[in-house]
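Notes follow the structure.
Protein chains: 2
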Amino acid sequence: MTTYSAFIARVKEVAILGSMGGALRWDRETYMPRKGAAHRGEQLAALSGMIHEAMTSLQMGEWIDALRGADGLSPDEAVNVREVAREYDRQKKIPTALVQELSRVTSRAHEAWLHARKNDDFPGFAPHLERIVALKIAVAEHIGYADDPYDALLDGFEPGLTADAVREMFAPLQSQTVELLHAIVGSTVQPDESLLRRPLSPKKQREFAVQVAADFGFDFDAGRLDISAHPFCAGSHPSDVRMTTRYNEQEPMSALFGVFHETGHGLYEQGLDPDHAYTPCAEAVSLGVHESQSRMWENIIGRSRAFWIGYLPKLKSLYGGALDDVSLDAFHFAINGVKPSLIRVEADELTYNLHILLRFELEVELLNRRLAVTDLPEAWNDRMRRYLTVEPPTDADGVLQDIHWSGGALGYFPTYTLGNLFAAQFAAKMRSDLPDMDAQIAAGRFGDVLDWLRRNIHRQGMRYTSAELVERVAGEPPNGDYLAVYLRDKLAPLYRL
Amino acid sequence: MTTYSAFIARVKEVAILGSMGGALRWDRETYMPRKGAAHRGEQLAALSGMIHEAMTSLQMGEWIDALRGADGLSPDEAVNVREVAREYDRQKKIPTALVQELSRVTSRAHEAWLHARKNDDFPGFAPHLERIVALKIAVAEHIGYADDPYDALLDGFEPGLTADAVREMFAPLQSQTVELLHAIVGSTVQPDESLLRRPLSPKKQREFAVQVAADFGFDFDAGRLDISAHPFCAGSHPSDVRMTTRYNEQEPMSALFGVFHETGHGLYEQGLDPDHAYTPCAEAVSLGVHESQSRMWENIIGRSRAFWIGYLPKLKSLYGGALDDVSLDAFHFAINGVKPSLIRVEADELTYNLHILLRFELEVELLNRRLAVTDLPEAWNDRMRRYLTVEPPTDADGVLQDIHWSGGALGYFPTYTLGNLFAAQFAAKMRSDLPDMDAQIAAGRFGDVLDWLRRNIHRQGMRYTSAELVERVAGEPPNGDYLAVYLRDKLAPLYRL
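Written out as C-alpha cells, the structure is:
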C-alpha cells in the first residue's frame, strides 16, 4: 500500500527527529556545559519547528485524509494512522499564533515563577498565571470538548480521558484516603523514620541502586544512570534509555527509591517493541500508564515487605554494620511511614494522591472560570487543611511549589495519581496471575513480573487508550478502589488499625 | 537584502542540524550504551540526508545563483556566499549514486580493514582499497581539477590547496628532516625516556591536564573533557566544545600531551566568533589550520623548556616525590626524544612528518594510477626504510595501520603536516610580535598568546584559505623552512649536534 508506506516513512523520520531532541535534552540536564544553554535552545527550537512543520504539512494532511478509515490497513497500521491523525488534528486545530504566544508567555512565566517562589510573592506570579489560564482556555476552545474545557487539555497527556472520568476514579480513593489518614495520624504506633537518614556515600547508593535496577531487568547495555538536578528518564529508543537521579549522603532513600521509580519508566521504554520503532505501536500510551510502571517498581514492589526480605541484608552489608540493629519490620514500617506534609514531591504514598486531588480540583475550577487566580492561594490552603490537616505557612510552600503551571502544563497533575491507580489495578491482576509473586520478589527474581508487564503493557504500544488497556488487562474499567484497598491493606497492619 | 536573508537563514538552520550531529557523535563515543549504536546510526543517517537535501535543494541553487558575485553584499556576506557556494558546487558535482556507492563500499571496507589489520592480511583488504581508489578517482573526475586528480580530493579537506603546493612546502622539510634524523640517530647523547613512564593515576593525570587546559584559556563553562577510546575534539558552537582523552596509568604523558593537543583544537572552536555563529564566518578554515592550533599548544608550547619551568614542579607535586630526582633538562630532553618508529600515531615531532610525507606520496601515485594497490606494501616498506631507517615486520604495523583509507579519506593525511608547518610559521611571527613570549609561558601566563591566536586566526573564520591566512598573518606564503628550522633549533642542542 503505497500511501501508507510513504506516510509511515515520514512518521518514522519525524520520530527520529524527536528522538534527537530526547538525546539533546538528556545531555542538557547531565553533561552540557553551563554556557551551552542558548545554543542548545537554538537546536531544540529548530528541531521543534521541523517536527511541527512535518507533522502539519499539506502532504501529511493528504496522507491522513486518504488513510483515515481506509480499507486494507492491518490492525497495527490502523493504530499508527489513528494516533498520528489524532496528533495531527490537535496540532492543526491550534493556531500557530496561539502556540507562539503560549511559548512567549510561559517562557516569561517560568522566570516569574522562580522569582515568586524564592520571594514568596504570589501576586508577582498571578498575572502570568492569569494569562496562561486564558490562553489554555483558548487552546481548549480550539481543540473542542463536550462538557468541560479541562477535557481538551487532559487529552493532551492522557488521550481519551475526561475530567468526569477522573473524578469518578478519584472519588472512592479520596473518601477512603482521608479516613485512613486521620486514623494513621491518630495511631499510637508510629515508625522510626530516623533510621532512613543514616548516611550512606553516593558511591554506595549508586552501587545498590544499579544492582536493584539490573535485578529488576533494566539492561545497562541499552541504557544508563547518570546524575541530574531533577531526576527523569528519557527513552529515545528501546536500545538507548537514559535515567538520572541525584545523591544526598544524608538522605540515601531518596536516590534509592528514585532509581526504582525511574527504572520503572526505563523498563517500559526498553520494553517497547523495537520492530515497531519510531511508530505509535512502539510508543507509550500516556503519562498515566507510564507513571503506573514507575509506581509499580518504586512502591508496589520496592516498598513491599517481600522485596526487603532479600535486599535489606544487601543494604546492611553496604552500610558496613551501621544498619545492623534495624529489623526488617522496622525498616518496612519506616519506608511506608505516612505523615501529612506540605510538599507534593516529598509526600508519602498515601498523602501524595491528596496533593494531586487538590491540584486537579483547582485546575478544573480555574479553567471553568469558577475560581479566579487571585483567589487561588486561599483555595489551596483551605483544601490543604481539609484534605491533609496541614496549612502552608507561605505560598512558596503552597501554591507556588510546583513548576507545572508556569510552563502551561494544566491537565498534567492527574496523571500522577492515575499512575498509582493503574498500578494498583494492574498489580491486583498480576498477583492473581502469578500466585507466588511475593515469594519470587523475596528471592530477588523479577523475571515473571517483568514478563507480565512486557506482554500486557509494554509491547502494546499505543494500541489502546489507558482506560481500554486497563479494562483489557484487568478485566474491568479503571477503578480507584484498587489503590484504596492496596493502601489500606498495607498501612492498616503497620499502624495497628 | 531579502535573498541574502532567506539564504543565510537556511544556512544557519542547516548548520544547527550539523551541530546536532556533532553532539550525537560525541555522545556515541563517550556515554552511549553499547546497544544504542544502530539507533544512533539511524539518527545520524536521517540528519545527513536532511542536511544534504537542504544544501543541494533547488531553492539553495537559486539563492546561490542570485547571490554569487552580487553587488551590495558586505565582505562578510560575500564570504558566506562564497563558502556555501563552494560546498554546494562540490556536492552537486558528485552524483548521488556515487555517494551512495562510496558509503556502501567504505562501510564494508572498514570491516575488512579491521579484520585485515588484526590478521596481518593485506591481500584481504586490497580489493576493497582498489574499489575505493577507483571511486575516489571518479569523484575527482566529477569535481574536476587542473593538473592532478589529487587536488580535487585535497580540496575537500584543505580548500584551495594542490598537490604541487604541498610538495613544494614539504620539500625543504623532507631534506632537512631526514638529515637531522640521521644525525640524531648517530648521536651519543640520548634522552632517558623511561622517566616518562613512571605511573600516575588517571585521577591525577586528569587533574593536571584540566589545570593546564584551563591555564591555556579553555573555558570549562563552555566545554568539557571526557573519556573516549580515540581522543577527539568536537565543537558544535563556541559555547559548547567537547574534548576527550584516555588515561593509561603507565603512560601518563599520552593523556597529558593528548589533552594539550585537543585543547588547541578546543580553543580554536571556543574562539570562533559567536556573533557569526552557524555561518562560514565562524567556521574553521581547514583541517590544516585546525591542526596548527592543536600542534601549537601540544608541541610548540607544551614541549618547550619554558613551559616546563613552571609546570614540572606542579607535575612533581602530583607525583608525590616519585619524580623529584628528574631535572628540568632531563625532562625536557625526554619529552622531545626522537626515534624512528613504525607507527604514525606514536611518532615524535620530527619523524611524524616523514610518516605523512610517505602517505602523501603514495596517495598521489595511487590516484594517478602510477602505483597499483597490490604493490602498495612494497612501496610503503621501501619508503619507510629510506625516510625512517626502519622497516615494518608486518603489514599490520605498516600499510594497514591507519583507518583513513578504509573510510575513503584520501587526501586527508597532508593536513597533519600542514598543521605542524603552519604552526611553526605562526609561532615565528608570534615570537616576533611578543618578544617576551617565553617569559610569559614560563610564568604560566598564556593570555597574550591566546589573544594573538584569537585575533589573527580564530576570529577570522573562513574569510581566507589556509594559504591566504598564513600569508596575511606571517607576511609570506606557507613555507616548510619554518618547521625545519624550529625542529633543528630545538633538537640540535638537545642532541649536542
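Chains A and B, in that order, give the protein sequences.
Quick note: the first sequence uses our numbering, first residue 1, plus one each step.
Quick note: the second sequence uses our numbering, first residue 1, plus one each step.
Here a beta-carbon is modelled for each residue, glycine too, at the ideal position from N, C-alpha and C.
If you're wondering where the values come from, they're calculated on a predicted model, not measured in any experiment.
Just measuring C-alpha positions, the residue of V373/A, R369/A, L469/A and A396/A sitting nearest L418/A is L469/A. Contact residues of the stretch 3–27 of chain A toward chain B are E13, I16, L17, S19, M20, A23, L24 and D27 (C-beta to C-beta distance below 8 angstroms). Residue state for H230/B is assigned as coil, using DSSP reduced to three classes.
Chain B has a Cβ within less than 7 angstroms of the Cβ of A222/A. V449/B and M430/B have their C-alpha atoms spaced approximately 8 angstroms apart. Taking C-beta separations shorter than 6 angstroms and ignoring five residues to either side along the sequence, the partners of G258/A in its chain run P231 and T245, following chain order.
Within the same chain, G398 and V399 come within 6 angstroms of W380/B by CB-CB distance, once the 5 residues on both sides are set aside. Residues of the stretch 41–52 of chain B with a Cβ closer than 7 angstroms to any Cβ of chain A, in chain order: E42, Q43 and A46. Within chain B, D219, D221, A222, S239 and D240 have C-beta atoms less than 8 angstroms from the C-beta of K35/A, given in sequence order.
By alpha-carbon distance to N248/A, the top candidate from R131/A, S406/A and L196/A is L196/A. Between the stretch 133–143 of chain B and the stretch 439–454 of chain B, the count of Cβ pairs shorter than 8 angstroms is below three; the stretches do not touch. Beta-bridge analysis with DSSP links R224/B to R242/B. According to the DSSP assignment, G41/A belongs to the alpha helix (DSSP H) that extends over A37 to M55. For H142/B, the closest Cβ of chain A is not nearer than 7 angstroms. Only buried fits H128/B, as 16 or more other CB atoms lie within 10 angstroms of its CB. In the three-state DSSP reduction, G235/A falls in the strand class (E or B).
Only those residues of the stretch 271–290 of chain A whose C-beta falls short of 7 angstroms from the nearest C-beta of chain B would be listed, and there are none. For G61/B, the enclosing alpha helix (DSSP H) has its first and last residue at L58 to L67.
Within chain B, S239 have C-beta atoms less than 8 angstroms from the C-beta of A38/A, given in sequence order.
Annotation: the continuous alpha helix (DSSP H) that includes N119/B extends over T96 to N119. F170/A and A424/A have their C-alpha atoms roughly 13 angstroms apart. For the stretch 115–181 of chain A, the full-length alpha helix (DSSP H) segments reaching 4 residues or more read 122–143 and 149–157 along the chain. Following the DSSP letters along the chain, one finds E193/A in no alpha helix (DSSP H), marked with neither H nor E. Under the DSSP assignment, T2/B falls in the alpha helix (DSSP H) whose first and last residues are T2 to T30.
DSSP, reduced to helix, strand and coil, places D489/A within a helical segment of the structure shown. For Q401/B, no alpha helix (DSSP H) segment is defined, and its DSSP state is neither H nor E. One Cα belongs to Y88/A, the other to E53/A, and the distance between them is close to 11 angstroms. Note that the stretch 158–176 of chain B touches the stretch 356–375 of chain B; at least 3 beta-carbon pairs, one per stretch, sit closer than 8 angstroms. Cβ atoms of L24/B and M32/A stay farther apart than 8 angstroms, at about 13 angstroms. Going by DSSP, T415/A is part of the alpha helix (DSSP H) stretching over P414 to D433. In this structure, the beta-carbon distance from A484/A to P172/A falls below 7 angstroms. Where I309/B is concerned, the enclosing alpha helix (DSSP H) starts and stops at R305 to Y319.
For the pair S286/B and E158/B, the CB atoms are nearer than the 7 angstroms cut-off. Boundaries of the alpha helix (DSSP H) around G266/B: P252 to G271. The criterion of a C-beta distance shorter than 7 angstroms is satisfied by H458/A and G271/A. Residues of chain A whose Cβ lies closer than 8 angstroms to the Cβ of M32/B are, in chain order, D240.
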